[in-house]
Structures are given as structure tokens and as C-alpha cells.
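Colleague: Once you've had a glance at the structure underneath, I'll fire off some questions.
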Amino acid sequence: MNRATLRNAALGSLACAGLLTSAACGSGFDDKPAAPAQQSAGPASLQILIGSSGDAETTAVRQAADAWAKASGSTATVTPAQDLSQQLGQAFAGDNPPDVFYVDASRFADYASVGALEPYGDRIANSEDFYESLRATFTRDGKLYCAPKDFSTLALIVNDGLWKKAGLTDADVPTTWEQLTSVSEKLSAKGITPLAVGDTRDRIGAFMVQAGGWITSPDGKQATADSPENAKALEYVQSLLKKKYAQFPKQLDAGWGGEAFGKEKAAMTIEGNWIKGALTADFPDVKYSVHELPAGPKGKGTLSFTTCWGVSAKSKYKEQAIDFVQAMTTADQQMAFARAFGVMPSRQSAKDAYTTEFPGDTPFVNGAEYAQGPVNAPKMESVLADFDTGIQKLTSTSPASVLERLQKNTQAALGN
Amino acid sequence: MADMTAPAGGPVPEARRPRRSAAAREGIAGWLFVAPVVVILGLFMLLPILMALWVSLTEWNGQGSPFRAGVPFVGLDNYTRLFTEEGLARQDFMTSIRNNFYFVLIVVPAQTVLALGLAVIVNSRLLKGRTFFRVAFFFPSVTSSVAISVVFLFIFANSGAVSRLLELVGINGPQWFSDPRGTLHLLLGALGLVDPDAPPAALTGGGPFGLSWWEWLSGPSVAMVTIIVLVVWTTSGTFMLMFLAALQDIPVTLEEASRLDGAGRRQTFRYVTLPLLKPTLFLVLTLGTIATWQVFDQVYVMSQGDPAKTTLTPAYLSYKTAFRNFDYGPGTAISFVLFVIIVVLALVQRWVLRDRDAVPRPGRRARKGKA
């Protein structure tokens, strides 16, 4: 009896599984429509998914979306995501993506390469007004895919108190690598850790730009990691780390450079303009000033971080979605966002208005001229994560071997 | 089912009704009773597993359903890339396997021994305040692993409690969460066998699966040690409960009999108690192995695989590959390899702990020990 029952049970459950599978897969085969039915004009109901930095941003975007909805007679639902990239991944897999969503520059190539994004960028009025470095970040195969929402760049943040304590003046703020080394020596002699710098390519990469190198060619098609310029940059960073002129935040018991800086564990850090909000909120007593990053052998260089308004290629309301983005990226609207949650407008025409209103941010805005965006190629995430690992071990490994490994992995990911 | 000639239960069937129909009806009733569970398990476990298996054989890019006609089928490519192809995918995967191997190697024995020890202590009739200790030891198990992980982040911070305690006794502790050095490397270095900064070329030259022997022999990193401590501490309470239940199931008479036979306390434990705990030991070891090979929450909360990938585990790597890199195929492939590893290890354990001998040996030995 036992054996028969077992066999029957097995057969039964297999049959059940078979039925279930066919039932579930059935829906999979009919979702190959010729093209989503387009509704080119008239009221639409837009779904907007944002990766919000906090309540201030959510409220500001909601208000702007409501204003647009009222003017156009549509509805616009703004949803802040808990985990944007995971939620987008699920939405794409379920064939039900939101119409408009934030696309982080570092993920842009992944989305664009699988055809998830509508390349609408140049249909936005006056799209040449966006900073060239930001346009390059969201351009793929010659097409501007989406409109940059705002951006940030890295700058050198200096703790005025510790600066004075070490007997330094404004004239000592380093503008070149040599000055950075010499001022670090002075700070170090006073027992102050000179520089707290994040241990990833998103900070150390700035040194590579200053030395004239980068991980990939500008079009994102070739690996250029193993270059003498990059080697020079990593050797310089290594020398700072070895002499303890620079320390990673974790070594200073902090989660990121801004925290180490706020706790006054380092006199300088390299961070973006988000550090302002963090310092005001958590360390209101720290007095600091912002300066452009020290120039390397090939001049000034910094990294830019940006997000764009992605429009889904599968949206039913593409026209309305593009109209919505248009409304979100006007210079006036960008200034409103800047006031609400402290981001920098991506339009050059808003630059003067912004620097007048926020003079302290001028070094960040100036960075846009010579900034390098994130690596613009798909399937690079694990390669770059591996490079981060190399950076973290920089004190004990040779820069050449780190770059050699990066070059090999980048070539494999890019397929050349 | 209709062919079955099982004796029907209950009252004697009426003469006209054939016996098989009663059996068939019983079968139908049985299926009806289990139907909800079969449907739920099938729909929410078996079906997703089969769907994932399909995904692991494709290069699905996350756009639309993976069951469409256009999804590229790549056969076993996602699996071979993990084992035979030189590249980052294999290197990451093998690093995660190495990390998790050391993790399991330390955690499973440690938590089992600790749990057994705690169970014996709180089972002792001489201990005062037994209820308090039982609750105290069990408490970490019922607390959220995320909450505990965050607390451990504070405890092991560079200026946290552990570092301060070490300072008190004059030890300059490591920077726990940013220290990627392997403990085995450190040990070998301390013994003067090798220099961790310049490992011998024989070890760095080559090794299986893309990692050099030197990398395989790293041992758990300092950062991983903190996670090991955390997991041992949290899980031993649960397993203590299992051992405690089993200990209380052992008849006191057996123990007394062995005492009368002249066995000491240690011998009683070794030859009477421990063999009777064997089924529970198997359960604890199996559950422990499964849980430790799947370690995820602690890594996700505490380290995200850092520093230098030394806390990367296959479960976390699978998540990262699928949901961060949108490489759903390789991501699911990793989880199926993990599944196979766990099943194989569970079978090995079962084989090792099998009953080798029907005659109870313990009593005999105990008597011998006396003589």
C-alpha cells in the first residue's frame, strides 16, 4: 500500500504541477503586442516612480506633478520607491512599468541596452541647454535617451575649524596634487587626519579624471582602464593612503566621507553637494567651506552624478509623458526643485540663477564643465564592484595589477 | 488507486458493495483533504522553482515575461560560466563559495556544541533559576536578525565595545568590518610559516576554479568572523531548545540504570545520552548546514559582501547578480548550484550519522569501562 500510495501521490502532484505550469505560462505567450496602443493626445493617467531622497523631494515632485496634471487635464500619480532598481526590475519583468521613472546614470546603459527606455531626449525643447557632460551620460548610439533631472559633482570640503587649528589659511586650500600632499603633511604633523575619501570608483575615479584617464572610452565601447594616466592616479592615491594622508571612512568609523567629516575625524573630504543637507541635519556645528577639487597632471577633473527622467518604451501615454518631463525640466521648475531639496539644475540657463541664490555651491556647479559621468556601458556593475574591491586593497596591492584586472574584466563585459 | 485491495476500515461493508469502491472513496477523500496543501505548495513553491529553473537556462534580460518566444535559450551556459570559464563570474562565485565554506565549517560545529552544552546546563536539576536561563539563551533566536545585525555593527565598530574591551587588556583590535585579511593567513603569518604580504609563489601560482591556492586557504576574513560570532550566538538558542526537548525525552531510568552499572557522569553522557540524541543531532546539523549555506540577512545588513568580497556568500551573490546587474539567468543558476550543494551535504550527513549497528552498543561499552 505504501509504495502504491507514494507513486500515486507523486503522479498526482506532477499532474497538478503540469496543470499549474500550463495555466501560468498561458498568459506569457500572448503578451507580444505589435505595439502598445498609443494615445497621442488628450488626458492621460501617468504613473511616476521616483527614487526619492526624502519627504522634501516627494512633496516637491508631487506638487509639480499636480500642477502639470491640472494644466493638462490628466492625472499623475507619483510613487516614491523603496528600492528603485529592484522595483523597476520587477515592473519591467511584469510588463507593467511606470510611464515615467528616475533612471540613475550608473544604471542608464543597462536599461537603454535592453530597450526599456524611449529615446525622447531631443524632443524636449532646447535640449542643448543641458550640460554637455550630462548629455553625454544619457546618450547611447548617438541618441539622447532622456532628460537629466539634476546633477551633482564632487568637490573638496574643508573643515574650517581644524584648518585653523593646524595654522592653515584659505591660501593653503590645495588646488593641485602637490599642494594636497604638502598640506596633508602639515595636518598630519598636527595629528589630524587630512582627508577622508570614499573607497569606491565614485570618489577615487576623480583622481583618474584629473590624471587624464578613465575606465572606458567616451562612447563606452572600449576598455581604457590599463593606461599610464590611470596608473599615475592610483599610485598617487596609494601614496596618500600609505602615509595615512587619506583614510577610508570605515577606517575612521564612519559610513561615508560626510560622516567622518561631520565627526571632525578628518580635515577634508571629497563629496558632492548632498553633504550640505547631511551636515546641517546631523552636525550643525561644523563650519566648512567648499572648493573645487585639486587639479591633477591633466588639469581639473571631477565626477558627476545624475538622474534622468526615463520614459518607458512600453508606456501607453508617451506623448503625455514627454510633455510631463518637459514641464519638470524647465529652468523655473528646476530652480523650484533646487530650493525644495537642494539639487543643482541640469540646465545651463539656470546656472546664474542658481549661483546667485546659492553662492556657496559655485564650486559644485563649476565642476559640470569638466566632470566625467559614470561608466556608460551595460553589464559593468559587477566589473566596477570588483574594481572597488581593488581600491579597498590598494595599500597592499600594486595599482598596475588592479588596473590590469579592471581592463580584463571590462573587455569581457564590453565584448572586445 | 483502484487496484488497491487494502482492508477497508470501519464497519463491515455491505455484501453488494465491492471492497475496492470503499478504498477508492477513501483515496478521493484523502486527496480532497490534502488538496489545499498540494495546491498551495504547487502554486507557491514548486511552480516558482520550476519557473526559476527555466530562467536559469536562459539569457532573459528582465523585459517582459521570461516565457515568451523571443527569450534566448542558452542551455547550461549560465552554469558552465560558474565552473569552467575563466572570468569575473566564476571568480566571484568561487570566492563566495570559499567564504561560505569557511563560514559553515566554523558555525555549524560551534553552534551545535554550544547548543548542546547550553541544553545540558539548563536541563540540569541542580541549576537554580532554570527558566530564566532558558529564556535568556533562547532570546536571541526570537529577535529579528536585522535588529541583531545592527546592534553587532555598533558592538564591533572601531570604537565599539569589543575594541574597547580589547584595549583594556592592551590589545589593539582590528578594524573589524573593514578588515579583509583572512584569519588563516594571519595565523600562518603569526606562526612564521609564511609571510602574508609576500605569499610563496607555489601557492599564488595557480589553483582550482580561477582562485589561487593562497586565496582558497585564506580562512574567514576578520569581517566574516564578526558575522560568524553573531550567527553562532543567535542560532544556538533555537538548537538548544531542540536538544532540551530531546534530553527531556530520555527516560531517567536509563540514566539511573547506567549509574547502577557503574558508569560515571561523563560516561553516561557519552554512551547513553549522546547516542539517544542522535536523531536530534542529525536534525540540528542538517538545519544548521542549510541555514548557514543560505546566510543572507546578516550579509545584506552588515557588509553587502565587503570588505574586498570576503563576506560575499552565494545567496547574496545570487541576489546581487539578479536584481542589481539584471543578470537573472546567472543569478538563478547560482541559487540552483547552492540548492544542489545543500542537498548533497544533507545526504552526506545522513549517511555519516546512519545507524550502523542495530544492537545498542553503548550499554556494553559502559560495562566494559567499569570492568
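Here the protein sequences come in this chain order: A and B.
Using my numbering, you'd call the opening residue of the first sequence number 1403 and step up by one each time.
Using my numbering, you'd call the opening residue of the second sequence number 304 and step up by one each time.
All C-beta atoms in this analysis are idealised placements derived from N, C-alpha and C, irrespective of residue type, glycine included.
Starting from L456 (chain B), follow the alpha helix (DSSP H) in both directions and report where the run begins and ends.
Modeller: It spans S448 to I458 - the alpha helix (DSSP H) in which L456 (chain B) sits, taken as one unbroken run.
Colleague: Can you look up M354 (chain B) in the DSSP assignment and give me helix, strand or coil?
Modeller: Here M354 (chain B) sits in helix by DSSP.
Colleague: Could you tell me the boundaries of the alpha helix (DSSP H) in which S1567 (chain A) lies?
Modeller: Reading the sequence as shown, one finds Lys at residue 1567 (chain A) and not Ser. Here the alpha helix (DSSP H) through K1567 (chain A) covers D1562 to K1567.
Colleague: Could you pull the start and end residues of the alpha helix (DSSP H) that T1758 (chain A) belongs to?
Modeller: Where T1758 (chain A) is concerned, the enclosing alpha helix (DSSP H) stretches over K1753 to E1759.
Colleague: Please check the pair R1615 (chain A) and E1631 (chain A), which I expect to be a contact at CB under 8 Å, by giving their CB distance rounded to whole angstroms.
Modeller: The sequence shown places Gly at residue 1615 (chain A), not Arg. Contact holds; Cβ gap of about 3 Å.
Colleague: Less than 8 Å between CB atoms is the rule here; does F1650 (chain A) satisfy it with respect to chain B?
Modeller: Closer than 8 Å: yes.
Colleague: May I ask you to list the residues that DSSP assigns as paired with A1625 (chain A)?
Modeller: For A1625 (chain A), which the question treats as bridged, DSSP gives the partners A:T1618.
Colleague: Which partner residues of P1747 (chain A) appear in the DSSP bridge assignment?
Modeller: BP columns for P1747 (chain A) point to A:D1552.
Colleague: Terminal residues of the continuous beta strand (DSSP E) containing G1712 (chain A)?
Modeller: Element bounds for G1712 (chain A): T1704 to V1713.
Colleague: So which of A:E1673, A:A1627 and A:E1534 has the shortest CA-CA distance to L1597 (chain A)?
Modeller: Here the closest residue by C-alpha is A:E1673.
Colleague: For the region 1759 to 1770 of chain A and the region 1503 to 1514 of chain A, state whether three or more C-beta atom pairs, one from each stretch, are separated by less than 8 Å.
Modeller: Taking 8 Å as the limit for Cβ pairs, the verdict is that the region 1503 to 1514 of chain A does not touch the region 1759 to 1770 of chain A.
Colleague: Grab me the residues of L1733 (chain A)'s own chain with a C-beta within less than 6 Å of its C-beta, minus the 5 sequence neighbours each way, in chain order.
Modeller: Residue identity check: residue 1733 (chain A) is Ala in the sequence provided, not Leu. Only R1749, S1751 and A1752 meet the Cβ criterion.
Colleague: If you count every other CB in all the chains shown that lies within 10 Å of the CB of L335 (chain B), and 16 or more means buried, which is it?
Modeller: Label assigned to L335 (chain B): exposed.
Colleague: Is any beta-carbon of chain A found at less than 8 Å from that of S481 (chain B)?
Modeller: Chain A, which has a Cβ nearer than 8 Å to the Cβ of S481 (chain B), makes this yes.
Colleague: Go through its chain and collect everything with a Cβ distance to P610 (chain B)'s Cβ below 6 Å, but skip five positions before and after it.
Modeller: S481, P483 and A526.
Colleague: Can you tell me where the alpha helix (DSSP H) holding T1461 (chain A) begins and where it ends?
Modeller: Counting along the chain, the alpha helix (DSSP H) containing T1461 (chain A) begins and ends at D1457 to S1474.
Colleague: Is G1517 (chain A) buried or exposed, if buried means 16 or more other CB atoms sit within 10 Å of its CB?
Modeller: G1517 (chain A) is exposed by the Cβ-count criterion.
Colleague: Between the region 1706 to 1715 of chain A and the region 1518 to 1525 of chain A, can you find at least three pairs of beta-carbon atoms closer than 8 Å?
Modeller: With the cut-off at 8 Å, the region 1518 to 1525 of chain A and the region 1706 to 1715 of chain A touch.
Colleague: Quick one: is L487 (chain B) near chain A, going by C-beta distance under 8 Å?
Modeller: Output row for L487 (chain B): interface = no.
Colleague: Ignore the nearest five residues each way along the sequence and tell me which others in L1681 (chain A)'s own chain have a CB closer than 8 Å to its CB.
Modeller: Here the set comprises G1660, F1663, G1664, V1688 and Y1690.
Colleague: What residues in the region 461 to 475 of chain B have a beta carbon less than 8 Å from any beta carbon of chain A?
Modeller: Within the region 461 to 475 of chain B, the residues whose Cβ lies closer than 8 Å to some Cβ of chain A are N461 and S462, listed in chain order.
Colleague: Listing by chain order, which chain B residues have their CB less than 7 Å from the CB of T1791 (chain A)?
Modeller: Under the 7 Å cutoff, chain B gives A611 and K612.
Colleague: Suppose you measure from the CA of S427 (chain B) to the CA of A1669 (chain A); what does that come to, to the nearest Å?
Modeller: Those two C-alpha atoms are separated by around 58 Å.
Colleague: Taking 8 Å as the threshold (beta carbon to beta carbon), is F642 (chain B) in contact with chain A?
Modeller: By this cut-off, F642 (chain B) is not an interface position.
Colleague: Can you check which of these residues, B:A439, B:A413, B:P412 and B:L650, is closest to V425 (chain B) by C-alpha distance?
Modeller: Selected option, being the one with the closest Cα: B:A439.
Colleague: What residues match up with Q1649 (chain A) in a beta bridge as DSSP calls it?
Modeller: Answer is A:A1598, bridged to Q1649 (chain A).
Colleague: Count the other CB atoms, across all protein chains shown, that sit within 10 Å of the CB of V555 (chain B); report buried if there are 16 or more and exposed otherwise.
Modeller: By the neighbour-count rule (16 or more Cβ atoms within 10 Å), V555 (chain B) is not buried but exposed.
Colleague: Could you check which residue in A:G1792, A:S1784, A:T1757 and A:I1724 has the C-alpha nearest to that of S1474 (chain A)?
Modeller: When only C-alpha atoms are compared, the closest one is A:I1724.
Colleague: Would you check if the distance between the CB atom of S1535 (chain A) and the CB atom of A1549 (chain A) is smaller than 8 Å?
Modeller: Contact flag unset, no.
Colleague: With respect to the alpha helix (DSSP H) encompassing L650 (chain B), which residues constitute its N-terminal and C-terminal limits?
Modeller: Per DSSP, L650 (chain B) belongs to the alpha helix (DSSP H) from Y631 to V655.
Colleague: Counting only the same chain and skipping the five closest in sequence on each side, list residues whose C-beta sits under 7 Å from that of P443 (chain B).
Modeller: Counting only Cβ-Cβ distances below 7 Å, and skipping sequence neighbours, we find I451, W536, T537 and G540.
Colleague: Whose CA, out of B:S521, B:Q366 and B:G509, lies closest to the CA of V497 (chain B)?
Modeller: Minimum Cα distance to V497 (chain B) is reached at B:S521.
Colleague: Starting from D1506 (chain A) and walking both ways along the beta strand (DSSP E), at which residues does that stretch end?
Modeller: Unbroken beta strand (DSSP E) run through D1506 (chain A): V1502 to D1506.
Colleague: Identify whether S1798 (chain A) lies in helix, strand or coil by the three-state DSSP scheme.
Modeller: It is coil, neither helix nor strand.
Colleague: Using a C-beta to C-beta distance shorter than 9 Å, which residues of chain B count as neighbours of N1675 (chain A)?
Modeller: What N1675 (chain A) touches in chain B: nothing, since even the nearest Cβ is about 25 Å away.
Colleague: Which one or two residues does DSSP pair with I1450 (chain A) in a beta bridge?
Modeller: Paired residue(s): A:V1480 and A:V1502.
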